[in-house]
Amino acid sequence: MPGRHASHRPAAPSPWLRRLGLSVMAVALVGAAGLGVASVLDRGDGECDGELAVTVAADPTIAPVLTDLARTYADTDPRQGDRCVEVDVAASAAAAAVPSFGGAEAPDLWIPKTRAFGPAVDEGLTEQLANVALSPLVVAMPQEAAAAVGGESAETSWAALVQGEGPAIIADPSANDEGIASLVAVRTALGDQVERDQLVQVMTRVSQAAVPTVDDAFAAAAETPAAITATEQSVVAFNRGTSGPRLTALYPAEGTFGFDYPAFAVSGADEDDAARSAATAFVTYLGSAEAQETVREAGFRSPDGTAADGAGVVDGIRPALPELLPAPDPALVTELSRQWAALALDMRMLAVIDVSGSMNEQVNGGATRIELTRDAALEALRLFPPDASVGLWAFSILQDPPNDYVQLVDVGPMNEELDDGTTRQEALVAASESLPSRAEGGTGLYDTALAAFQSMRGSYQAGMVNSVVLLTDGRNEDDPDGIDLDTLLTQLTAQFDPAAPVPIITIGMGPEADMEALQQISAATGTTAYHAEDPSDIQSVFIQAMIERQCRPNC
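Residue numbers (my numbering): 46 to 600.
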């Protein structure tokens, strides 16, 4: 832009400012050379006493259209007093932008995809000015697959997405708003009555098909008739840019979340009233009829839900705004994020199962305790990802003399092929099914707990959750040569390394379980004990222990 130069307000150089074009800076330096201190800018129909830069950190999905609008806005000759306003838009995910708030490098404006699923923000550092666009979360399928369920007019459901036979792909919820929004939508659709273990099964199935980014989800959908979750606008952009199969957006019958692109004025270390006013003026411009037409042409909706003229089959969406769900409870978002993190962790787990004679006792006249434990173990094996490292021991007095335990399957990746040509997962299934036939003898608890801990400690692998999960229905009944509880606790405390933790997560089953001793054993390794007072609850208790393993040994 000939005749302009950059006269920044006094502050530390901002990374958002450094994104201004080098050509602008070069021209500015040439123009300033002969002007001295009282430099003047020619703005076409008048002169500007310097330039006022307004920096914008915008979600990458909307940054391109905002950049175009910033150029158009410059043609309107925006000013603050005698200074010419220049709007600089930088694409930035919320996780990258938020840490700068309140500091010298804070942007003047922040426009995230949404506040409902992103990082926490100090409310005192932001002021919401308006919403600039809207894009609902949709379920997208290849057109042929969508046609089989009714085409662009069809509805789907969040429950069907994860309970159907076909693959459902979401972007990693730990790094993508679309992914965590999908989890929350599924949880909302299933309702509060869904059992915890059922929810974990659903999340596990989803986790096994998750991909790192939304772009990866689109790539997968292009190669296989999979359903993916994405914003409506991204479906439009994909369809406009592909030469291959197009996608159709389906709208869940239960409603869906809307990404509402709120615009926030942001406080920095050096407050500038002129910059705040200029930022507010730019947001006002974004709400103008001219700007909103540009927003809609890019595949977004206006904040009131209006789509572009002619929106429909060509772009793979429908003009009518779907029912939008209210913003989720932050506590629910946090809970699901934590559960997802637990399922996504690389794990090394040694399961240690009590096969003493008391495990043959029937529960309510039905299955025995060991049969219920077998079923819980088999269900857990279905929940773990194929590359999870799992091993299995069984224990009762003199199970494998002179030891009170026997290794049924060593710890290693479940998908690893063993010497006999089977996989470790197949071996684990077979060993779990054999547990009822082994139930006899007393409970050699303390010796077994120490041996399991030492085994996992000796084979510790950094970068993974290394743990022992020990289940018993009784109390220690070892012979006089075995260690007592005090010795066990002393050994565990001395050998436990917080830098390489191996928690022993204990599960007591039924009323005879020695929960006081189990709690002390778990506490010595930084974790806690669980109690399935009704043995028929063992499956849900076992799964709860699996969910919470990611916060060990600090909870």
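The beta-carbon is built from N, C-alpha and C at its ideal position, and this holds for glycine as well.
Nearest CA to the CA of residue i: which residue from the options?
i, options, result
"G224", "G236, W203, G355", "W203"
"A151", "G313, G486, A192", "G313"
"I362", "P371, P375, R346, L369", "R346"
"D260", "I214, A298, A562", "I214"
"Q278", "P373, A139, S252, G344", "G344"
"D120", "A267, A108, Y330", "Y330"
"L228", "I398, L490, S382, F440", "S382"
"D349", "V183, E462, A476, N176", "N176"
"S403", "P164, A135, T112, S441", "S441"
"L182", "G169, Y306, A103, A115", "Y306"
"Q564", "Y575, M554, A192", "Y575"
"E557", "T351, L390, D94, T488", "T488"
"Q540", "A433, G571, I552, A562", "G571"
"D94", "Q246, G126, E342, A115", "G126"
"N409", "E578, D391, E424", "E578"
Taking the CB atoms as reference points, tell me whether residue i and residue j lie closer together than 8 Å.
i, j, result
"F587", "V378", "no"
"D133", "T159", "no"
"R128", "E92", "no"
"Q452", "M459", "no"
"L426", "V456", "no"
"T106", "T276", "yes"
"S252", "L388", "yes"
"L437", "S477", "yes"
"A545", "L480", "no"
"A298", "L154", "no"
"A569", "L534", "yes"
"V256", "A216", "yes"
"L515", "I549", "yes"
"A294", "A185", "yes"
"D518", "D399", "yes"
Within 10 angstroms of the Cβ of residue i, are there 16 or more other Cβ atoms? Answer buried if so, exposed if not.
i, result
"E338", "exposed"
"P446", "exposed"
"A590", "buried"
"Q584", "buried"
"E368", "exposed"
"P580", "buried"
"N511", "buried"
"S482", "exposed"
"T467", "exposed"
"S500", "buried"
"D529", "exposed"
"S567", "buried"
"R520", "buried"
"G411", "exposed"
"G555", "buried"
"P218", "buried"
"A433", "buried"
"A149", "exposed"
"R285", "exposed"
"N221", "buried"
Taking the alpha-carbon positions, what's the residue i to residue j distance?
i, j, result
"R124", "V340", "23 Å"
"G147", "Q384", "32 Å"
"P375", "D582", "29 Å"
"A289", "A267", "Before going further, note that residue 289 is Gly rather than Ala in the sequence given. About 7 Å."
"L174", "S333", "14 Å"
"D360", "A353", "11 Å"
"F304", "S180", "5 Å"
"T117", "E131", "11 Å"
"T171", "I156", "11 Å"
"D315", "P144", "16 Å"
"T249", "F429", "8 Å"
"G300", "T274", "14 Å"
"V397", "T413", "18 Å"
"Q444", "Y450", "5 Å"
"L67", "P109", "Confidence at L67 is low in this model, with a pLDDT of 31, below 50, so the placement of that residue should be treated as unreliable; the coordinate-derived value is given next. One C-alpha to the other measures close to 19 Å."
"V651", "D113", "Because the chain spans 46 through 600 in this model, residue 651 falls outside it and cannot be assessed."
"T573", "R291", "51 Å"
"A494", "P371", "48 Å"
"L498", "A140", "A small correction: the amino acid at residue 498 is Phe; Leu does not occupy that position in the sequence shown. Their Cα atoms are separated by approximately 38 Å."
"A138", "E462", "41 Å"
"D542", "Q536", "12 Å"
"G192", "V358", "Per the sequence shown, residue 192 should be read as Ala rather than Gly. Roughly 12 Å between the two C-alpha positions."
"D167", "A142", "13 Å"
Check whether the Cβ of residue i sits closer than 7 Å to any heavy atom of the ligand MG, and report yes or no.
i, result
"V281", "In the structure shown, the ligand MG is absent, as is every other ligand, since no ligand is present at all."
### Task
Identify every run of the beta strand (DSSP E) within the segment 364-429, keeping only runs that are complete inside it and at least 3 residues long; order them along the chain.
392-399
### Message
So within the segment 516-565, which uninterrupted beta strand (DSSP E) runs reach at least 3 residues, ignoring any that extend past its ends?
### Response
549-554
### Task
Give, in chain order, every unbroken run of the beta strand (DSSP E) that is at least 3 residues long and sits entirely within the segment 220-308.
272-276, 292-297
### Query
In the segment 124-186, which residue ranges form an unbroken alpha helix (DSSP H) of at least 4 residues, counting only runs that do not cross its ends?
139-142
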